[in-house]
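The next block holds one structure in the form of C-alpha cells; read it before the comments.
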Amino acid sequence: MAKIRIRKRVIGMTAAGMAATVLAVYCVQSAQGADSLAAGAPRAVVRVDQVGYTPGEAKQAYLMTSVPASKTSFRVLDASGKEILKGKVGSSAGGWNSTYKAVHTLDLSPLTEPGDYRVEVFGPVTAVSPTFHIAAADELFGKLIQDNVRFFQAQRDGADVVPTELRRRPSHLADRQATVYDTPAYADDETVLTAPLKRVAGPIDVSGGWNDAGDFLKFTHTASYSTASLLLAQRTTPVGGRELSAEARHGLDWLDKMWDDRSRTLYVQVGLGKGDTADGSGKIRSDHDVWRLPESDDALDVKPGDPDYLIKHRPVFRAAPPGKPISPNLAGRVAATFALAAQLDAAENPERAHEELEKAAHIYALADTAPGDQLVTAFPHGFYPEASWQDDMEFGAAELALAAKALDDKRAADWTKQAGHWAKQYITSDSLGTLGLGDVSALAHADLAHLLDDGAARTEVTREQLVADLKRQLDDGSARAAGDPFRAGAVYTDFDSVPHTFGLAATAQLYHRVTGDSHYDAFATQQRNWALGANAWGSSFVIGAGTTFPHCPEHQAANLAGDLNGDGDILLGGVVNGPNAAEKLKDLNSFPTMRTCPNQGNPFAPFDGRGAGFMDHVGAWQTVESADDFTATALLAFTLAAAPQDAGTKPN
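Sequential numbering of the sequence shown, starting at 7, is according to this note's numbering.
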C-alpha cells in the first residue's frame, strides 16, 4: 500500500517554478541529445544500471529515441576503449512520451568479464551510456549495503549519533524524560488537531532510535519493519559486517524502550505530526511546521503553553492502555523483530536471546485479532495507512517458532501452527499486497516454508500454498513489467514506486531460495536495474549509487548540514520514493529556512511520461524524500542478491 503522508506545511508553489539538480554527467548526456536534435538528427539516450551487473545474470540496457531505431547497432567498450561486444538494437517496446516515441532493448547478457564498460549506439541514431561495472555479487552490492547502513547512521537520534555522517550532533535529549499522552484527536481529513493533548503517564525514556525520514518523528511501525529487515540481512550474509550488526542493535535498543514489559505497554510514536492549524500558525505547532536541524529543538527556551513546547518536549503515544490488546499489525511485526534478535543471539548470547524471546512472546500474546476498521500505525493514521495485519501475525509467529527452535523451547510447534493459521487467513483475505512497509507476507512465507521443510507438523496452510502466494506477488509485478518499456514492475504513478520495486526484487530472491526455481531471477535483475538508472529519467534512486542520483533530497539534516554541491557530505545510501504521478508535483514544500537546492532548471522534465514525473528538488517530498523503510527494503534486496542463491535465509 502506498505511503500517503500528510507532510510539512505546503506553500503554493508549482512544479514549473521549481528546479532540480543538474549533475555534470547528466548534463553531458542531455546536451548530446539536444545537440543532435538541433542538427536535425534524432534525439536519443541510453539507460543502464549505473551500478552494474553480475557476470552470469541477464543484462539489459535501453535506448530511448525520438524515432524508431530497430536497424541501429550498438557496441560495448571497456575502460581502454576496446570493443568487447557488438549487437543490433532490438525492436521498440513502445513509446514513452511525445518526444521519446520508442524505447529499444539492448541485450548485454554476453558481457561476463569483470570490468568497467560503456555502451555506444551508432548508425542513424547515436548515444553513449554512463559507465557501469561487471563484478561479482558481493563486490557489486557490498558497497551499496555499506552505504545503506551509513544512511541509518545519519538517521540516528539521541546521544549516540555518528558525527561523521552529515556532521550530526546529539539531538532530542528531552526524550529521556518524555510525557505520555492519550491518543490525539484529529479532524476527519487528519490535517488539524481538534483537542488539547491529555497527559496519561510518564516520564519515560524514549531517546535514541532513528528519525523516520526527512523529518524527526519516530514510529514503532516503521522502526520495527526497518530493524527486522536489518536483522534479516544480518542473518542472511556477513557482507554487511559489524556496522550492519551495530545498526540493527541500535534499532532494537530503541524498540526495547518502546515496549514496557512490566506493564505490557507498547508505545508507538514520539513527536507530534500535526498541530492545531494546517499552516503552523496556531497554539500547538508540530514537527512538520519547522525546517531545522534536529539539535535545534534542544536549544528551544519554552514553557508549557508555548506553541513550540511539544517540539522540544515531544509527546509519546501508546498503541493501547497498559495490558490491553494491541493492534495486530504492530503486535506481529514487533514480536517478529525481537524474535529475529533472539535467533541471532541464540548461539553466543543465549541469556539475552531468552529475554528477547520472552518479550516477543508477551507482545504477540497481546495481539487484538478482531481489530476495528483502522489499524494503529501512526498519528495521524494517514501518515502510514495500512489495511493488512494477518501477514504481520504470520511473520511474528514464524520468527517466534524459529527462535524457539534455536533455543530448544517447546513452544516452537505451537507458534508454527499459529503461523500457518495466519498465513491461511492472509492468503484468503482481500488485502493482498507485495513486500514493503505495508505487507510483510513474503518474509513470513519464506520462513514458514523453512519451518515446514524442517519437519514441522501439518498446518492450515501448505508449503505449496505459500509458494503460490509468493508467485502471485511476482506474477503481478511481472505482468506490469511486461507492458512497460523499461520493465518496471511497480506503479510509478503512485507513492513508494522505488521501495515496491526493491520489494519485488527481494521477493524474487526469496522465491528462488524457497523453491530452487530461477524463473524470476531475470525479473529481479530488471527491477534492480530500473531503480539504479535503467529508467526513463536515467537516475539512480539510491543516493550516491551510480553517476546520476538525487542531490537535493527532502531531508532537513541533509539540506541544512550537508554539501549541496555534492562534493562533501551527502545522505549517502538513502533511498528515495522515486517517480510519482506528475500531477502530484504541482505543490512542493517550502520553508523560509530551507536552503535552495538546486539553483538551476529541471533536467528530468523532458523524460516525464506515461503520467509519471520525477524531480530532484528539496521541496519535492513526493519524489525525493528518503525514508527508513525505503532504505531497509533496498538493503534487504541487495543483501539477498549478494548472498549465494543456495544460502537459505533461516538461522543455522
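Just so it is clear, CB atoms sit at the ideal spot from N, CA and C, and this is done for glycine as well.
In this structure GLY568 touches ASP575 by the C-beta definition: roughly 5 Å separates them, less than 8 Å. Counting along the chain, PHE636 sits inside the alpha helix (DSSP H) bounded by residues 634-648. Rounded to whole angstroms, the Cβ separation of PHE610 and TRP536 is 15 Å, and the two are not in contact under 8 Å. DSSP, reduced to helix, strand and coil, places GLY495 outside both helices and strands of the structure shown, so it counts as coil. Taking C-alpha positions only, ALA67 is separated from GLY257 by approximately 38 Å.
As a beta-bridge residue in DSSP terms, GLU89 pairs with LEU83. The DSSP-derived three-state label of ALA618 is strand.
Under the DSSP assignment, ILE433 falls in the alpha helix (DSSP H) whose first and last residues are 418-433. The region 256-338 contains, as complete alpha helix (DSSP H) runs of 4+ residues, the segments 315-318 (chain order). Shown here for TYR526: same chain residues with a beta carbon closer than 6 Å to its own, the five before and five after excluded, namely LEU480, ALA514 and TYR517 in chain order. In this structure, the straight-line span from the alpha carbon of ARG469 to that of LYS318 is close to 51 Å. In this chain, the alpha helix (DSSP H) harbouring ALA567 covers 562-567.
Listed in chain order, the non-local C-beta contacts of THR233 below 7 Å within the same chain comprise ALA254, GLY257, LEU258, LEU261 and THR343, local neighbours out to five positions each way being set aside. For ALA201, the secondary structure class from DSSP, reduced to helix, strand or coil, is coil.
In the three-state reduction of the DSSP assignment, ILE151 falls in the helix class. Rounded to whole angstroms, THR60 and PRO300 show a C-alpha spacing of 40 Å. Residue pairing by DSSP puts TYR68 in a beta bridge opposite ARG53 and THR111. The beta carbon of ALA348 sits closer than 6 Å to those of ALA359, GLU362, LEU363 and ALA409, all from its chain and outside the five residues before and after it, given in chain order.
A straight-line Cα-Cα distance of about 14 Å links VAL52 and LEU83. Within the DSSP bridge table, the entry for LYS94 names SER79 as partners.
Put simply, the backbone Cα of LEU538 is about 43 Å away from that of ALA463. SER546 is bridged by DSSP to LEU538. By the 16-neighbour rule on beta-carbons within 10 angstroms, ARG205 is exposed. Checking the DSSP bridge columns, you'll see ARG124 partnered with LEU83. Counting only runs that start and end inside the region 353-394, the alpha helix (DSSP H) elements of at least 4 residues fall at 356-371. In the DSSP assignment, PHE138 falls within the beta strand (DSSP E) that extends over 138-140. Shown here for PRO209: same chain residues with a beta carbon closer than 7 Å to its own, the five before and five after excluded, namely GLN183, ALA184 and THR185 in chain order. Between ARG162 and SER302, the alpha-carbon positions lie close to 15 Å from each other.
Short of 8 Å from the beta carbon of ASP415, and not among the five residues preceding or following it, lie these beta carbons of its own chain, in chain order: LEU363 and ALA409.
Between the beta-carbon of LEU272 and that of LEU336 there is about 6 Å, and that keeps the pair under the 8 Å contact cut. Around the Cβ of GLY461, a 10 Å sphere holds fewer than 16 other Cβ atoms; the residue is exposed.
Considering only PHE157, GLN431 and LEU91, the residue with the shortest C-alpha distance to TYR123 is LEU91. In the DSSP assignment, THR521 falls within the alpha helix (DSSP H) that extends over 503-521. Boundaries around VAL473 are those of the alpha helix (DSSP H), 469-488, since no beta strand (DSSP E) includes it. By the Cβ rule, the region 142-159 does not count as touching the region 184-198, because fewer than three pairs are nearer than 8 Å.
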